[in-house]
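Numbering-wise, the UniProt record's numbering puts 169 at position 169 of the sequence shown, and it's gapless, one number per residue.
All remarks here apply to the structure that follows.
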Amino acid sequence: MKTKPKLICPICGAEYNEPVQRCSCGEPVEFELFEGEPYIGKTVWERFWDFWPVEPALELSLGEGDTPLVKSRIGKELGVKLYLKNETVNPTWSFKDRGTFLTMSYALKAGYKAVGTVSTGNMAASVSAYASRFGLDAKILVSENASDEKLRAVSVYGGDVIRVRGDYGRLYFESLKLGERLGVYFINSDNPFRVEGYKGIAFEIAEELIPDYVLIPTSSGGLFRGIAKGFIELKEIGLIEELPTLIAVQAEGCSPICRAFKEGREKIERFENPKTIAKAIANPYPPSGNAVLKLLREFGWLCVSVSDEEIIEAQRKLASEGLFVQPASATGVAALEKLTESGVISEGSNVVSILTGSGLKTLSHVEGGKIVECPLEGLENCLR
Ligand SMILES: *Cc1c(COP(=O)(O)O)cnc(C)c1O
Ligand SMILES: [Zn+2]
Numbered sequence: 001m002k003t004k005p006k007l008i009c010p011i012c013g014a015e016y017n018e019p020v021q022r023c024s025c026g027e028p029v030e031f032e033l034f035e036g037e038p039y040i041g042k043t044v045w046e047r048f049w050d051f052w053p054v055e056p057a058l059e060l061s062l063g064e065g066d067t068p069l070v071k072s073r074i075g076k077e078l079g080v081k082l083y084l085k086n087e088t089v090n091p092t093w094s095f096k097d098r099g100t101f102l103t104m105s106y107a108l109k110a111g112y113k114a115v116g117t118v119s120t121g122n123m124a125a126s127v128s129a130y131a132s133r134f135g136l137d138a139k140i141l142v143s144e145n146a147s148d149e150k151l152r153a154v155s156v157y158g159g160d161v162i163r164v165r166g167d168y169g170r171l172y173f174e175s176l177k178l179g180e181r182l183g184v185y186f187i188n189s190d191n192p193f194r195v196e197g198y199k200g201i202a203f204e205i206a207e208e209l210i211p212d213y214v215l216i217p218t219s220s221g222g223l224f225r226g227i228a229k230g231f232i233e234l235k236e237i238g239l240i241e242e243l244p245t246l247i248a249v250q251a252e253g254c255s256p257i258c259r260a261f262k263e264g265r266e267k268i269e270r271f272e273n274p275k276t277i278a279k280a281i282a283n284p285y286p287p288s289g290n291a292v293l294k295l296l297r298e299f300g301w302l303c304v305s306v307s308d309e310e311i312i313e314a315q316r317k318l319a320s321e322g323l324f325v326q327p328a329s330a331t332g333v334a335a336l337e338k339l340t341e342s343g344v345i346s347e348g349s350n351v352v353s354i355l356t357g358s359g360l361k362t363l364s365h366v367e368g369g370k371i372v373e374c375p376l377e378g379l380e381n382c383l384r
């Protein structure tokens with residue numbers, strides 16, 4: 001761990017010695033590369049102690065990270081070795097907890113009394129839960145069409161949930177501006193500390209195997225950037241020899257990064273009228289979109305989009321193996337089908353797909369399986 005790590009803008013190269021939220025050019029900032037060595041320890045925070053930008057507040061951890069890497073049957077059908085990184089077992093059932101915990105560790109140390117976020121789903125629940133755990137006030141800004149049911153899973157932790165009428169896209173930038181003025185530290189989707197927290201996914205994978213490909217459901221781009229930086233740091237210090245090929249996966253109905261990538265453009269453009277069942281990855285104007293595009297170009301990585309039908313099919317397949325994920329989290333497996341069929345991923349490859357969040361969060365559209373009605377007197381017949 002460096003005592004005062006620098007922040008660098010991946011797009012314009014500007015450097016900052018203070019923990020700013022974004023570069024003055026409008027793009028995200030990221031911490032310089034960390035170096036060090038892995039240790040023996042119970043948690044990923046301890047084993048990779050040298051690699052965090054701030055000391056993790058271990059006594060306040062809820063057990064985020066150190067998730068299972070499960071070998072999947074689906075790989076056999078497709079002729080590859082497929083492993084599923086099961087992030088649904090995190091404290092609030094998505095990988096967001098990794099980034100929330102690390103950022104909250106910073107906010108507490110920096111003396112903030114309140115934190116906030118802009119989200120309707122997993123990040124809102126995560127920030128709300130960890131704010132309570134850390135003894136900080138939470139200001140959760142949600143869009144006006146967020147359903148009451150979804151918000152109950154956020155407000156239960158005790159934070160202030162604020163429904164904002166108006167342009168949801170502007171809320172991200174507005175929250176950073178007001179947060180600074182009012183002393184509320186906003187932990188949005190690609191906050192630099194949050195992104196660092198996601199590196200743990202790469203570290204844990206590399207402790208078990210070296211994948212050829214990693215499939216990453218991508219919305220704002222924070223998760224993708226975090227996993228990328230994790231692998232890059234491991235390579236820089238010589239713990240791995242080759243970087244895996246990272247694949248950003250988006251839903252066809254909202255794929256601003258894949259579209260710009262395909263068209264060979266350097267900047268993303270707002271995706272008009274987004275429409276997909278994968279709500280957790282439906283950001284039409286991802287704040288880290290340009291930074292992800294740059295990584296894709298620089299390392300020869302890929303972007304793949306999948307249809308809602310392909311997503312639902314993959315969700316069902318995962319459930320038939322005992323893993324119930326939300327639609328956004330099934331996109332990686334959906335993409336794998338396409339990529340093996342087209343020969344982009346060759347037979348025998350080691351592939352990891354990130355199962356980003358639990359299916360219990362999005363029950364309303366799930367078809368479900370067969371339910372048999374049975375009178376007690378006829379139970380014997382029903383069991384045959
Ligand atoms: C947040 C989220 C993503 C995408 O992460 P980004 O950092 O926004 O790219 C993917 N899947 C689920 C379930 C999420 O909650
Ligand atoms: Zn910049």
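Where is the CB? At the ideal position from N, CA and C, for every residue including glycine.
Asked	Found
Reference residue 111, options 94, 14, 140 and 135, closest by Cα	135
Counted within 10 angstroms of its Cβ, other Cβ atoms place residue 369 as buried (16 or more) or exposed	exposed
Rounded Cβ spacing between residue 140 and residue 161 (contact assumed at less than 8 Å)	5 Å
DSSP three-state assignment for residue 74, whether helix, strand or coil	helix
Closest by C-alpha distance to residue 299, when choosing among 353, 18, 213 and 269	213
DSSP-derived helix/strand/coil call for residue 254	strand
Inter-stretch contact at 8 Å, needing at least 3 Cβ pairs: the segment 182-191 / the segment 114-130	yes
Environment of residue 192 [buried if 16+ CB atoms lie within 10 Å]	buried
Boundaries of the alpha helix (DSSP H) in which residue 382 is found, first to last residue	379-383
Element boundaries [alpha helix (DSSP H), containing residue 316]	308-319
Chain-order list of residues whose beta-carbon lies under 6 Å from that of residue 41 (same chain, five-residue window excluded)	47
Through-space distance from residue 307 to residue 250, alpha-carbon basis	9 Å
Close-in-space but distant-in-sequence residues of the same chain around residue 261 (CB under 7 Å, 5 per side omitted)	293, 296 and 303
Residue 120, buried or exposed, once every other Cβ within 10 Å from all chains shown has been counted against 16	buried
Paired residues, beta bridge with residue 28 - DSSP	22
Range covered by the alpha helix (DSSP H) that runs through residue 169	168-182
Neighbour-count burial assignment, residue 375, 16 or more Cβ in a 10 Å radius	exposed
Any non-hydrogen atom of ligand 1 within 7 Å of residue 284 CB	no
Three-state class that DSSP yields for residue 290 in the structure shown	helix
Residue 61 to residue 101 span [Cα, whole Å]	7 Å
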